[in-house]
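Undergrad: Quick one: structure below, then a few questions.
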Amino acid sequence: MFFQSARNQLTFLVFLLLAGPGSVLAAPITFNTALPVARGEFLNREQLVLKRSGKDPSGLNSDIKANALVSVLAYGISGKLTIFGVLPYLDNELRFTMPGVGSARRSSRGFGDASVFMRYTLHQNDQQGSTLRLAVFGGVKVPTGNDTQSDAFGPLPIPLQSGSGSWDGFGGLVTTWQTLNFQLDAQLCYAFKTEANNFQAGNEARLDGSVQYRLLPRELKSGVPAFVYAVLETNLIQRGKNTISGRTDPNSGGTSIFLAPGIQYVTRRYILEAAVQFPIVQNLNGQSIKNDYIARTGFRWNF
Amino acid sequence: MKFTIIFMSVLLLWSANTPAEETHILLGVNGMACPFCAYGIEKQLKKIDGVGEVSTNLPQGEIWVEASGNEVLSEDEARTLLQDAGFTLRSFETHQGKKNDHDTHGSGKD
Chain A
1 MFFQSARNQL TFLVFLLLAG PGSVLAAPIT FNTALPVARG EFLNREQLVL
51 KRSGKDPSGL NSDIKANALV SVLAYGISGK LTIFGVLPYL DNELRFTMPG
101 VGSARRSSRG FGDASVFMRY TLHQNDQQGS TLRLAVFGGV KVPTGNDTQS
151 DAFGPLPIPL QSGSGSWDGF GGLVTTWQTL NFQLDAQLCY AFKTEANNFQ
201 AGNEARLDGS VQYRLLPREL KSGVPAFVYA VLETNLIQRG KNTISGRTDP
251 NSGGTSIFLA PGIQYVTRRY ILEAAVQFPI VQNLNGQSIK NDYIARTGFR
301 WNF
Chain R
304 MKFTIIFMSV LLLWSANTPA EETHILLGVN GMACPFCAYG IEKQLKKIDG
354 VGEVSTNLPQ GEIWVEASGN EVLSEDEART LLQDAGFTLR SFETHQGKKN
404 DHDTHGSGKD
């Protein structure tokens, strides 16, 4: 009985840390951009995402490590239309303490759900050394990941599985103002979740912002020098409550705001980048577990 | 007659070995504001038959293209190519012969 209750509770605590299609978009570091991919060209992005959480108000002493290697392939259909494919490889681990039993560990590893989405440039104002763009995007998360993994305790809770089993949709707007000295990006995204395995995650709305300021070279001369950007991003994420077997879970959903300082090294052919998202507001429902930080590092490659 | 044939053959061989007149095209590009963006345009240009070296001056928003003749890239083709790459053509200039002031442009090679 206790185990069943604890398992359900942990299910929803874990969910907050593992969900969110916005985190797999292409750029800046924590979300997408409106900048183009040339017709017939491919871009590849690989990003390692390390999520850590140990602030558990439930008394179960939960500690969660959720690692993901997120691969993104973008293809330019035209100067305005780009298609993206996203495939994460997930390594999730949940440690918790059960009274009378001691510490326990549950984990999963494997490819997660793939996402496919398209982005179309609605507005483009190009000037010498600057561009202002607004793009709309929309896509679907396909349940390609394994959602039937189990361990000695039985089937893993859905949020701990590599796959969700559900078909989810997402869409939104993204805008970019890029100059030779700085870049501003903002994104509004909404994700619709569907039910699978008697579990339905709460829908998610998010508002993201990013500013990138060129630190090096301090003075632009001729040619195409590599840029070093200081990056500061913020993510406002609002998640609805989950439902399990038709019942709303009070320990799920809520509002989070992250602040993410980072750095980018931008050359003609590749970009190296890293950022750490620190939660500055976590107004979560019930006994939802809270994030400690989310670290991201990776590269983008134009080939 | 024999002399004429020899003369024509020599003329043909000479013309075959003479390189086509080199044309340099200076593209003014709007919307290009980072190194990563420049590479996408350069790749599109290098796919064109007859295009040689391509070099970009990011601060000026200019791309210098070496072409093997006048017919390699027209202004309309350049405009379409830049649109396909996601950018906007601001200006188009052609120069015959050796290009001047090339030292001010960075190399398009990696």
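Quick note, the sequences are listed as chains A and R, same order. Just so we're aligned: the first sequence equals residues 1 to 303 in the working numbering. Just so we're aligned: the second sequence equals residues 304 to 413 in the working numbering. Where is the CB? At the ideal position from N, CA and C, for every residue including glycine.
1) Out of A/Gly154, A/Phe137, A/Arg52, A/Ser115, which has the shortest C-alpha to C-alpha gap to A/Ser164?
2) Quick check: the Cα distance between A/Tyr229 and A/Trp177, rounded to an integer number of angstroms?
3) Please list, in chain order, all residues of the same chain as A/Gln282 whose beta carbon is under 6 Å from its beta carbon, the five residues on each side excluded.
4) For a minimum of 3 consecutive residues, which ranges assigned as the beta strand (DSSP E) are wholly contained in the segment 102-182 of chain A?
5) Just tell me which of A/Pro36, A/Ala186, A/Phe137 has its CA closest to the CA of A/Gly171.
6) Counting only Cβ pairs nearer than 8 Å, list the residues of chain A close to R/Ala381.
7) Starting from R/Leu361, find everything on chain A with Cβ-Cβ shorter than 9 Å and list it in chain order.
8) Which class does R/Pro362 belong to by DSSP, given the choice of helix, strand or coil?
9) In chain order, what residues of the same chain have a beta carbon less than 6 Å from the beta carbon of A/Gly286, not counting five sequence neighbours either side?
10) Taking C-beta pairs closer than 7 Å, name the residues in chain R that A/Asn44 reaches, listed in chain order.
11) Scan the segment 54-83 of chain A for residues whose Cβ lies nearer than 8 Å to a Cβ of chain R and list them as they occur along the chain.
12) Identify the residues that DSSP records as bridge partners of A/Tyr265: which are they?
13) In the DSSP assignment, the alpha helix (DSSP H) including R/Asp387 goes from what residue to what residue?
14) With A/Gly240 as the anchor, note down where its beta strand (DSSP E) starts and where it stops.
15) Is the shortest distance between the beta-carbon of R/Phe395 and the beta-carbons of chain A less than 7 Å?
16) Helix or strand or just coil, what does DSSP make of A/Phe199?
17) Reducing DSSP to helix, strand and coil, say where A/Leu90 ends up.
18) With 7 Å set as the bound, which would you pick, yes or no: does the beta-carbon of R/Gly355 sit closer than that to a beta-carbon of chain A?
19) Apply the 10 Å Cβ neighbour rule to A/Tyr120 and answer buried if 16 or more other Cβ atoms are within range, or exposed otherwise.
20) Going along the chain, which residues of the segment 323-354 of chain R sit with their C-beta nearer than 9 Å to a C-beta in chain A?
21) Using DSSP with H/G/I as helix, E/B as strand and the rest coil, what is R/Gln347?
22) Can you tell which of A/Asp208, A/Ser210, A/Pro225 has the C-alpha that lies nearest to the C-alpha of A/Leu216?
23) If you pair each beta-carbon of the segment 264-275 of chain A with each one of the segment 240-248 of chain A, do three or more pairs fall below 8 Å?
24) Go through its chain and collect everything with a Cβ distance to A/Ile237's Cβ below 6 Å, but skip five positions before and after it.
25) I'd like to know if A/Arg52 contacts chain R, where contact means its C-beta is closer than 7 Å to some C-beta of that chain.
26) Between A/Leu50, A/Ala295, A/Thr179, A/Ala152, which lies nearest to A/Gln128 when the distance is taken from Cα to Cα?
27) Buried or exposed for A/Ala152, please, with buried defined as at least 16 other CB atoms from any protein chain shown within 10 angstroms of its CB.
28) Please decide whether A/Pro217 counts as near chain R, where near means a Cβ-Cβ distance under 7 Å.
29) I'd like to check one pair, A/Ala196 with R/Ala388: are the Cβ atoms closer than 7 Å?
TA: The structure says:
1) A/Ser115
2) 15 Å
3) Ser256, Lys290
4) 102-111, 114-127, 130-142, 168-179
5) A/Phe137
6) Here the premise fails: no neighbours, minimum Cβ distance about 13 Å.
7) Gly129, Leu180, Leu220, Ser222, Gly223, Val224, Pro225
8) coil
9) Pro250, Asn251
10) The premise fails here: A/Asn44 is roughly 13 Å from chain R at the closest Cβ pair, so nothing lies under 7 Å.
11) Gly76, Ser78, Gly79, Lys80
12) A/Val228, A/Leu272
13) 378-388
14) A/Gly240 -> no beta strand (DSSP E), and no H or E assigned at all.
15) no
16) strand
17) strand
18) no
19) exposed
20) Gly331, Val332, Asn333, Gly334, Met335, Ala336, Cys337, Pro338, Phe339, Cys340, Ala341, Tyr342, Gly343, Ile344, Glu345, Lys346, Gln347, Lys350
21) helix
22) A/Pro225
23) no
24) Arg206, Ser256
25) no
26) A/Thr179
27) exposed
28) no
29) no
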